[in-house]
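Please read the structure below before turning to the comments.
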Amino acid sequence: MRLYELEDFITSNIEELVRECAHVCKEPHVPSIIIEVNNVYKGCDSCIIYSSLDKLSLPTMNMKTSLGNVEYVVLEDAIIEVLEDGIIIYSLEEFEERINDLRDFGIVSEAEVTELISWIKSILKV
């Protein structure tokens, strides 16, 4: 699945997703979400994206870090970082820099970086 396909899925199922996220989406209107790399999604948008990812059963990997639990979701053209308070979408190229920064700041270990990158490569068949 590519990023634009995730956006299409969300658009096609937005009313159902908003109902599932009613505890977060308190606005009376249905939001329009544009899925792009380098965006941080919080609140209602984050809940809708997370619910979509859950419905699509995409490959995920969970990591415990000093910042809390992090879930990574692999798409063909992006990596989605699901944090406890939001979602960040990275291009494949930028994600390597992100994970190396997390390692350099001691948030994840070298072994965790190696395991994560190996797992991503196996999913992408690189």
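Residues in the sequence shown are numbered from 4 upward in steps of one, following our numbering.
Ideal placement from N, C-alpha and C gives every residue a C-beta, glycine not left out.
Model, not experiment: these values are computed from the prediction.
*Provide the residue(s) that pair with L86 in DSSP beta bridges, ordered along the chain.*
The count along the sequence shown starts at 1 and reaches residue 86 at position 83. DSSP lists G89 as partners of L86.
*Taking 8 Å as the CB-CB limit, is P34 close to chain C?*
Among the protein chains of the structure shown there is no chain C, as only one such chain exists.
*What is the rounded straight-line gap between the Cα of Y93 and the Cα of Y53?*
What you label residue 93 is simply residue 90 of the sequence shown in a count that begins at 1. What you label residue 53 is simply residue 50 of the sequence shown in a count that begins at 1. Here the alpha carbon of Y93 sits roughly 15 Å from the alpha carbon of Y53.
*How is the alpha helix (DSSP H) around E113 delimited, first residue to last?*
As a position in the sequence shown, residue 113 is number 110, starting the count at 1. Unbroken alpha helix (DSSP H) run through E113: E113 to L127.
*Quick one: what's V73 bridged to in DSSP?*
Residue 73 sits at position 70 when you count from the first residue of the sequence shown. Paired residue(s): M66.
*asked:* With the cut-off set at 8 Å, would you say E115 and M66 are in Cβ contact?
replied: As a first step, residue 115 must be located in the sequence shown, where it is residue number 112. As a first step, residue 66 must be located in the sequence shown, where it is residue number 63. Yes, the pair counts as a contact, with Cβ atoms nearer than the cut-off.
*What residue does the alpha helix (DSSP H) around L56 start on, and which one ends it?*
Taking the first residue of the sequence shown as position 1, residue 56 is located at position 53. That run of the alpha helix (DSSP H) goes G46 to L59.
*If you draw a straight line from the C-alpha of E74 to the C-alpha of M64, how long is it?*
In the sequence shown, counting from the first residue as 1, residue 74 sits at position 71. In the sequence shown, counting from the first residue as 1, residue 64 sits at position 61. Take the alpha-carbon of E74 and the one of M64: they are about 6 Å apart.
*Please state whether DSSP places V43 in a helix, a strand or coil.*
The count along the sequence shown starts at 1 and reaches residue 43 at position 40. Under the three-state reduction of DSSP, V43 is assigned to strand.
*When the Cα of Y7 is compared with those of V111, I36, N103 and C50, which residue comes out closest?*
Locating residue 7 in the sequence shown gives position 4, counting from the first residue. Nearest Cα to Y7 within the set V111, I36, N103 and C50: I36.
_Closest Cα partner of D57 within the set I110, I83, P34 and N42_ = Against the sequence shown, residue 57 aligns to sequence position 54. Comparing Cα-Cα distances from D57 to each of I110, I83, P34 and N42, the minimum goes to I83.
*Where H100 and D107 are concerned, what is the direct C-alpha to C-alpha distance, given to the nearest angstrom?*
For the purposes of this step, residue 100 is taken as residue 97 along the sequence shown, with counting starting at 1. For the purposes of this step, residue 107 is taken as residue 104 along the sequence shown, with counting starting at 1. Note on residue identity: the sequence assigns Glu, not His, to residue 100. Near 10 Å, if we compare the C-alpha coordinates of D107 and E100.
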